[in-house]
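**Q** A single structure is presented below for examination.
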Amino acid sequence: MALDHSLIGVEGAAYERTWTAKDTMLYALGVGAGASELEFTTEKDQRVLPTFAVLAAQAPGRRLGDFDPALLVHAEQGFELHRELPAAGGVRTTSRVTGIYDKGSGALVTTEARAVDLASDELVISSRSSVFIRGEGGFGGERGPRDEWALPDRAPDHKVTYSTLPEQALIYRLSGDYNPLHSDPAFAARAGFDRPILHGLCTYGVTGRALLHAVAGSDPARFKAMSGRFSSPVFPGESLTVSIWVDGTGVVFRTAKDDGTVVIDRGRATIT
Numbered sequence: 445m446a447l448d449h450s451l452i453g454v455e456g457a458a459y460e461r462t463w464t465a466k467d468t469m470l471y472a473l474g475v476g477a478g479a480s481e482l483e484f485t486t487e488k489d490q491r492v493l494p495t496f497a498v499l500a501a502q503a504p505g506r507r508l509g510d511f512d513p514a515l516l517v518h519a520e521q522g523f524e525l526h527r528e529l530p531a532a533g534g535v536r537t538t539s540r541v542t543g544i545y546d547k548g549s550g551a552l553v554t555t556e557a558r559a560v561d562l563a564s565d566e567l568v569i570s571s572r573s574s575v576f577i578r579g580e581g582g583f584g585g586e587r588g589p590r591d592e593w594a595l596p597d598r599a600p601d602h603k604v605t606y607s608t609l610p611e612q613a614l615i616y617r618l619s620g621d622y623n624p625l626h627s628d629p630a631f632a633a634r635a636g637f638d639r640p641i642l643h644g645l646c647t648y649g650v651t652g653r654a655l656l657h658a659v660a661g662s663d664p665a666r667f668k669a670m671s672g673r674f675s676s677p678v679f680p681g682e683s684l685t686v687s688i689w690v691d692g693t694g695v696v697f698r699t700a701k702d703d704g705t706v707v708i709d710r711g712r713a714t715i716t
């Protein structure tokens, strides 16, 4: 079998990561922040975009098995912030594979991670993610849990549109994701795309900016959690519109391109 199912439930080695104020400013630029968001893109009274939590809590991935990496795509991402992130800091992260599910045309591999402060061991970030690997399904396993998410039957409370740059992926990759799917046309062609696509986590960060400014009053301290499912690729230069619904149970959202194609679905956020 191509995928290593013995990894399920096994905690990987702890990984320490530190970041500087320059790293968090570069991340903000990578997800489209600019001159109107100087508190995130310059050192004056600097604060950190909440979605940087996903990068901060990442640990080197373990080898999942023997497959073509061009057939792996990011499927879902979620995080919870237990305190606001500092402009410069560090965490120690442990992670584990929580499931390998049979989706027929491919396999869904889910993981969880916990990141604690290097000095105090206080929990800072909890995250969960999944990847979909085409061609690795059909092994007779469980399909995985269902997510009971429903689009509200009314107009959104907020709609925010941001444009991405043709160079957006080249900027975002400088935050550490050098997957050639986002920069190398030949590699992108192997994956079935006529040109490199935008990082899913870049689209996620653009969406997080919309939520931050529309619902949290641009205050990262109010932004507690966010999750969503990647449903379609984005090409650098395309515009993204985030539709946001707010009610007594929380925040739900969906991100789409100009032609209506949904790129992040089943979105949820917790904002105080």
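Numbering-wise, the sequence shown is residues 445 to 716 according to our numbering. Each residue gets a CB set at the ideal place from its N, CA and C atoms; glycine is no exception. A quick note: this is a predicted structure, and the numbers were derived from the prediction, not measured.
1) Cα-Cα, which of E528, G522, S539, L508 is closest to E455?
2) For S675, which of helix, strand or coil comes out of DSSP?
3) Between which two residues does the beta strand (DSSP E) holding G476 run?
4) Out of curiosity, what's the CA-to-CA distance linking R491 and S564?
5) Among residues of its own chain, excluding the 5 on either side of A613, which ones have a beta-carbon nearer than 8 Å to its beta-carbon?
6) From the DSSP output, which residues share a beta bridge with G543?
7) Given a threshold of 16 other Cβ atoms within 10 Å of its Cβ, counted over all protein chains shown, does L552 qualify as buried or as exposed?
8) Take T464 and list the residues in its own chain whose beta-carbon comes closer than 6 Å to its own, dropping the five residues that flank it on each side.
9) Helix, strand or coil: how does DSSP classify F523 here?
10) Which residue's Cα is closest to the Cα of R506: E524, L515, T554?
11) Return helix, strand or coil for A457, following the three-state DSSP convention.
12) Check each candidate in V560, E520, H518 and name the one with the smallest Cα separation from A500.
**A** In short:
1) If we check each option's Cα against that of E455, S539 comes out closest.
2) The three-state reading of DSSP puts S675 in coil, since its state is none of H, G, I, E or B.
3) For G476, no beta strand (DSSP E) run applies, since DSSP gives it neither H nor E.
4) Taking the CA atoms as reference points, R491 sits about 21 Å from S564.
5) In chain order, H626, S627, P640, I641, L642, H643, C646, P680 place their CB closer than 8 Å to the CB of A613, counting only its own chain and leaving out the 5 sequence neighbours on each side.
6) Beta-bridge pairing links G543 to T554.
7) Around the C-beta of L552, 16 or more other C-beta atoms lie within 10 Å, and the residue is accordingly described as buried.
8) Closer than 6 Å at the Cβ level, and outside the excluded window around T464, lie A532.
9) Looking at F523 - three-state DSSP - the assignment turns out to be strand.
10) Closest by alpha carbon: T554.
11) A457: coil per DSSP, three-state reduction.
12) Residue V560 is the option with its Cα nearest to A500.
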